[in-house]
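Peer 1: Here you go, one structure.
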């Protein structure tokens with residue numbers, strides 16, 4: 036990665052990378068340690084936004100935009116909705132770490148092992164050291180080079196994968212109807 | 250270092266595209282200074298225009314015709330005691346206005362004031378904008394919750410439900426505008442804001458007039474959704490004074506409360522600049538293709554100077570009509586100085602316009618075009634600002650369930666319909 | 011103060027196990043609430059936004075006018091009457107003076123009657139204008155308030171020129187009027203008539219066909235004619251439910267028999283009909299004033315009433331059509347100079363009772379609209 | 347808006363003077379009382395020594411109309427129909443109350459109960475007059491029904507007949523202390539709940555305002 040301040044500098048500068056991932060990790064920890072539900076929700080939002088930043092650094096602006104809209108803007112708002120409507124004082128009274136934490140720990144370790152092994156074996160998948168960076172090219176060209184135009188994503192979803200897209204929307208519809216029926220006593 | 254600065258001046262890319270952090274910073278500062286000045290001006294204009302709607306004078310005492318009223322308000326709010334309710338959640342109470350402000354201002358990084366006058370031209374411009382404006386809801390929800398009392402809680406729930414439901418309609422309206430961009434020769438649309446305006450330029454038509462009824466309906470839906478998105482005028486359920494005291498910012502006071510007001514005005518300007526970019530041809534001057542003879546260019550380039558001249562004239566008229574009582578002497582002088590300032594700016598703009606016309610490609614010409622772009626963009630946005638005030642003066646307030654009914658049962662189906670029909674019409678023609 | 015439904019009681023922490031069913035919220039609206047037209051406190055039992063039930067707590071402005079009356083002579087009590095419905099003080103005074111005159115079996119002279127009709131109808135327009143301004147403001151329309159108050163100012167100027175006071179005017183005396191009309195009275199009233207007629211059209215253009223106003227007022231706070239009669243509701247609220255009854259026509263008093271005017275009525279008794287009825291009533295009042303000013307007879311303005319008023323033993327009930335409804339005085343006299351008992355039948359007090367059935371099932375925002383459309387004045391509710 | 351009437355302009359008449367007016371009211375009250383039962387007998391002007399010279403003012407005269415005949419036949423002595431200055435009213439015995447009112451509403455279409463109020467005559471053995479003022483929309487006619495009840499006695503509530511009676515009776519209870527049986531929610535309406543005493547009773551002096559409710563809740567020494 037060449038120096039940060041050259042004219043055609045890519046976004047993926049080490050400083051930003053460490054800052055964002057650090058933020059994400061801290062946010063993650065805060066989510067599970069905070070006693071107050073709204074605090075953990077805010078921490079989750081910080082994590083999601085920093086992950087969106089990481090996507091940007093991987094020259095995937097479309098995914099970053101969707102991440103902000105869907106996760107930070109949509110789902111987290113509904114999370115906060117639920118937290119505010121449901122009487123959370125009662126929830127905070129339950130014991131913090133319930134009895135089955137060892138099982139949780141084991142699951143976490145296996146997951147960690149999986150990640151590490153994937154990274155070690157799959158090193159060949161990742162492009163080696165340098166990025167084929169040409170001087171003066173800006174983020175847009177690099178993104179095009181790597182992932183093609185934003186509309187490439189559009190073509191995929193509505194081109195080859197329309198069936199999967201429709202199934203997903205059906206699933207969402209069922210979820211919405213379920214929620215409505217559960218809360219509305221008399222329809 | 251100097252070449253770093255000068256090298257950008259030649260390029261016609263936005264600082265973001267050119268990867269030039271220094272100029273990006275400069276642009277950010279310019280835009281934020283501009284927006285705060287706009288918010289201050291908006292505060293004054295809203296109070297005066299609303300007053301004149303209601304056959305009263307509005308602020309007249311602080312400075313000539315109340316011109317210093319916004320500063321007086323700002324000072325007052327700073328000096329006011331900043332009470333944090335004892336039961337409130339300290340951290341969240343402190344963070345809420347910041348989230349609101351953050352959401353309102355990050356939108357400006359993508360708004361194009363000219364072909365190269367934007368902080369950065371992301372190729373997901375619109376997507377980024379919708380995403381960040383949906384973050385604004387978080388600020389309100391969290392503010393309502395943090396105040397830990399009945400009314401703000403209900404106010405917060407109401408306004409967030411309203412914003413979420415109108416975001417959907419807004420998004421769909423935006424999508425139908427983007428579908429229109431893809432009908433130029435290359436066939437592939439673009440999400441980037443500058444790209445959209447350039448598409449309108451190439452197609453020689455503002456999207457509001459494209460496939461006539463469709464563009465207009467989509468614009469109409471966006472215009473209504475944008476009013477609801479910023480909790481203004483007929484949809485100001487959140488701070489419906491007559492029912493829930495003051496909605497989510499009941500417990501806020503002093504500077505913290507003014508942050509919410511700042512966020513609201515900034516969001517208003519941001520949302521109306523999206524509308525201008527998408528439907529009203531961003532920075533393009535009217536009839537760019539019909540009347541593109543150099544003579545017309547010159548005439549249109551005179552407009553900025555003329556408007557400032559007109560403002561100066563009005564201010565001068567004000568000084569003449571000021572009553573002669575000694576109390577008004579200072580106000581008369583103040584107004585005269587203000588008029589002088591406006592006159593000076595008008596003169597400067599006229600000089601640049603004349604200079605720009607003669608030397609076709611020099612610094613003056615580039616500068617003249619730059620001013621022209623920004624002027625036309627700001628003019629269109631100010632039309633929307635006037636509409637916001639006009640709504641507030643005439644319309645009563647919708648009830649909350651009616652508001653949601655309109656959001657889901659009226660706006661959503663229409664925007665979906667417009668989207669589908671635009672796509673079909675786009676494919677046919 | 012009192013241990014009524016304590017608003018915080020419902021937020022007890024041991025909520026039901028299932029998080030989903032929302033418990034009933036009890037909200038305390040008033041007595042310091044921008045939209046309760048004075049010190050009215052309404053306790054709302056809400057399920058989410060829907061109103062399950064209301065309970066009105068009144069009495070914050072109770073001054074014991076009826077107890078004071080028993081220690082004042084008839085003339086001394088006259089100014090107190092203005093303080094009850096301070097928005098329509100002139101009609102309060104008219105009601106009281108006519109009741110005592112009936113007790114004394116004395117008739118006010120014709121000129122006094124005409125002056126009384128003119129001032130009462132002007133007061134009705136002023137009261138309706140104040141109602142319209144505050145009612146529209148409660149529903150969110152800011153501008154009508156300024157229009158109505160600008161026009162109401164003209165009426166208050168006429169009152170001030172005539173009897174020196176703008177609001178609690180004490181304009182009439184038992185037996186007739188105290189003051190002869192000032193020099194330019196007819197001219198002022200005529201100017202006012204031409205001035206205000208287009209202004210009422212202005213209010214109409216702002217609101218009558220305003221989509222959001224329709225949406226907020228159509229079939230909101232509906233009350234049927236039968237319920238209205240059973241609940242003793244009177245005035246524009248009753249007429250909006252379709253009952254064509256106005257004391258000025260049914261049992262004419264003062265000089266109302268000489269004038270012809272219609273009684274506007276509504277069909278389905280919702281907030282919009284009450285709005286239309288009151289706007290039409292303002293126009294009818296203009297017609298009455300016009301006929302009264304043109305036909306005002308010459309002659310004395312004070313009937314033959316003894317210096318010290320000592321009505322014979324007995325009791326009478328007399329009522330007039332105040333802007334809010336039927337305002338009645340039941341006076342029991344024991345032959346002395348001080349009334350033995352004066353009972354005031356306040357229209358706002360009785361109309362407010364209908365709030366509970368009008369509001370059931372509506373939303374909180376509608377409660378504000380319904381309180382506005384009932385046009386209550388707490389001075390009269392609490393007496 | 348509301349003018350503070352705490353200290354009425356003219357100082358309330360000193361205690362002494364109160365007594366004579368009370369006597370006069372007492373003396374006049376019996377005049378009113380005996381005038382009523384002796385209505386059929388030519389009104390005895392003698393009962394009023396106070397104004398010998400002044401001609402006797404109008405006096406309640408018997409009121410005759412088909413409506414009255416019907417009820418006279420039905421109830422006989424327990425009901426008297428009188429008219430005073432053109433306003434007709436029934437002076438009835440307490441036992442008639444619930445069904446006479448119901449009859450008036452159903453048969454005679456007096457469907458609008460204008461007002462319910464009471465008057466306190468401390469000197470009489472039946473101290474309270476309870477008065478219903480009724481109006482009939484179809485017949486555009488007003489009538490009053492008056493009955494006398496002793497202190498502490500209760501009277502059946504007419505909420506079931508006219509819904510408007512709910513608050514009106516609550517106010518009469520609040521001001522006079524008259525119990526209304528069958529009233530859905532009989533409690534004070536204008537005065538605070540903890541208030542002692544009923545202000546509109548003649549024996550409740552204006553100065554009695556300074557009772558402990560004022561001292562406890564408003565924390566002021568005396569109301570005057």
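Protein chains in written order, with my numbering: chain A, 36 to 222; chain B, 250 to 678; chain C, 11 to 393; chain D, 347 to 570. Where a beta carbon is used, it is the ideal one built from N, C-alpha and C, also for glycine. All of these numbers come straight from a predicted model, not from anything done at the bench.
State the CB to CB distance for the pair residue 179 (chain C) and residue 92 (chain C), rounded to an integer number of angstroms; the pair is presumed to be in contact (CB under 8 Å).
Peer 2: Indeed they touch by this definition, with Cβ atoms about 6 Å apart.
Peer 1: Under 8 Å, Cβ to Cβ, is there at least one residue of chain B near residue 169 (chain A)?
Peer 2: Caution applies to residue 169 (chain A), whose pLDDT of 47 falls short of 50 and renders its modelled position unreliable; the model cannot decide the point.
Peer 1: What does the alpha-carbon distance come out to for the pair residue 97 (chain C) and residue 118 (chain A)?
Peer 2: Roughly 48 Å between the two C-alpha positions.
Peer 1: So, does the segment 326 to 336 of chain B touch the segment 371 to 381 of chain B, judging by three or more C-beta pairs under 8 Å?
Peer 2: Because the criterion of three Cβ pairs below 8 Å is not met, the segment 326 to 336 of chain B and the segment 371 to 381 of chain B do not touch.
Peer 1: By how many angstroms is the C-alpha of residue 153 (chain A) removed from the C-alpha of residue 627 (chain B)?
Peer 2: Computed Cα separation, rounded: 53 Å.
Peer 1: Does DSSP put residue 57 (chain C) in a helix, a strand or coil?
Peer 2: Here residue 57 (chain C) sits in strand by DSSP.
Peer 1: Tell me residue 464 (chain D)'s beta-bridge partners as DSSP assigns them.
Peer 2: Its beta-bridge partners are D:476.
Peer 1: Report the option in C:242, C:49, C:184 whose CA atom is closest to the CA atom of residue 511 (chain D).
Peer 2: The shortest C-alpha separation from residue 511 (chain D) is found at C:242.
Peer 1: Grab the span of the beta strand (DSSP E) containing residue 566 (chain D) for me, first residue to last.
Peer 2: Residue 566 (chain D) -> no beta strand (DSSP E), and no H or E assigned at all.
Peer 1: Distance, Cα to Cα, residue 272 (chain B) vs residue 365 (chain B)?
Peer 2: Distance between the alpha carbons of residue 272 (chain B) and residue 365 (chain B): 12 Å.
Peer 1: Return no unless some Cβ of chain C is closer than 8 Å to the Cβ of residue 490 (chain D).
Peer 2: Output row for residue 490 (chain D): interface = yes.
Peer 1: With DSSP run on the structure shown, which of helix, strand or coil describes residue 438 (chain B)?
Peer 2: Three-state DSSP puts residue 438 (chain B) in coil, outside helix and strand.
Peer 1: For residue 52 (chain C) and residue 39 (chain C), which I take to be in contact (beta-carbon distance under 8 Å), what is that distance rounded to the nearest angstrom?
Peer 2: Their Cβ separation, rounded to whole angstroms, is 5 Å, which keeps residue 52 (chain C) and residue 39 (chain C) in contact under 8 Å.
Peer 1: Figure out for me which residue from C:303, C:309, C:255, C:343 has the closest Cα to the Cα of residue 119 (chain C).
Peer 2: Nearest of C:303, C:309, C:255, C:343 to residue 119 (chain C), Cα basis: C:309.
Peer 1: Does residue 302 (chain B) have its Cβ less than 8 Å from a Cβ in chain C?
Peer 2: Closer than 8 Å: yes.
Peer 1: Is the CB of residue 375 (chain C) under 8 Å away from at least one CB in chain B?
Peer 2: Residue 375 (chain C) counts as touching chain B.
Peer 1: For residue 80 (chain C), which residues in chain G fall below 8 Å Cβ to Cβ?
Peer 2: Absent from the structure: chain G. Protein chains present are A, B, C and D.
Peer 1: Beta strand (DSSP E) containing residue 331 (chain C): first to last residue?
Peer 2: From DSSP, the beta strand (DSSP E) with residue 331 (chain C) extends over 324 to 332.
Peer 1: For the segment 648 to 655 of chain B and the segment 304 to 316 of chain B, state whether three or more C-beta atom pairs, one from each stretch, are separated by less than 8 Å.
Peer 2: Touching, no.
Peer 1: Report the option in D:522, D:560, D:563 whose CA atom is closest to the CA atom of residue 546 (chain D).
Peer 2: Among D:522, D:560, D:563, the Cα nearest to that of residue 546 (chain D) belongs to D:522.
Peer 1: Select from the segment 634 to 658 of chain B all residues with a C-beta closer than 7 Å to any C-beta belonging to chain C, and list them in chain order.
Peer 2: Of all residues in the segment 634 to 658 of chain B, 642, 643, 644, 645, 646, 647, 648, 649, 650, 651 have a Cβ within less than 7 Å of some Cβ in chain C.
Peer 1: I'd like to know whether the C-beta atoms of residue 492 (chain D) and residue 475 (chain D) end up nearer to each other than 8 Å.
Peer 2: Contact flag set, yes.
Peer 1: Could you check the C-alpha separation between residue 382 (chain C) and residue 355 (chain C) for me, to the nearest Å?
Peer 2: C-alpha separation (whole angstroms): 21 Å.
Peer 1: Is it buried or exposed for residue 461 (chain B), if we count other Cβ within 10 angstroms and need 16 for buried?
Peer 2: It is exposed - the Cβ of residue 461 (chain B) has fewer than 16 other Cβ atoms within 10 Å.
Peer 1: Using a beta-carbon distance below 8 Å, is residue 383 (chain B) in contact with chain A?
Peer 2: Yes - at least one Cβ of chain A is within 8 Å of the one on residue 383 (chain B).
Peer 1: Is the Cβ of residue 165 (chain C) closer than 8 Å to any Cβ of chain B?
Peer 2: No, its Cβ sits nowhere closer than 8 Å to a Cβ of chain B.
Peer 1: For the alpha helix (DSSP H) that contains residue 421 (chain B), what are its first and last residues?
Peer 2: Residues 399 to 430.
Peer 1: Would you tell me roughly how many angstroms separate the C-alpha atoms of residue 340 (chain B) and residue 481 (chain B), rounded to the nearest one?
Peer 2: Near 28 Å, if we compare the C-alpha coordinates of residue 481 (chain B) and residue 340 (chain B).
Peer 1: In three-state terms, what does DSSP make of residue 256 (chain C)?
Peer 2: Three-state result, residue 256 (chain C): coil.
Peer 1: Against chain B, does residue 156 (chain C) count as a neighbour if the rule is that its beta carbon must be under 8 Å from one of theirs?
Peer 2: Cβ-Cβ to chain B under 8 Å: yes for residue 156 (chain C).
Peer 1: From residue 348 (chain C) to residue 54 (chain C), what distance separates their C-alpha atoms?
Peer 2: Rounded to whole angstroms, residue 348 (chain C) to residue 54 (chain C) spans 43 Å at the Cα level.
Peer 1: Based on DSSP bridge pairs, tell me the residues matched to residue 183 (chain C).
Peer 2: Residue 183 (chain C) pairs with C:186.
Peer 1: If you reduce the DSSP assignment to three classes, tell me which class residue 343 (chain C) lands in.
Peer 2: Three-state DSSP puts residue 343 (chain C) in a strand.
Peer 1: What residues in the segment 398 to 421 of chain B have a beta carbon less than 8 Å from any beta carbon of chain C?
Peer 2: Result list: 399.
Peer 1: What in chain B is Cβ-close to residue 96 (chain A), meaning under 7 Å?
Peer 2: Result: 371, 372, 373.
Peer 1: Is the CB of residue 338 (chain B) under 8 Å away from at least one CB in chain A?
Peer 2: It does; some Cβ of chain A falls within 8 Å.
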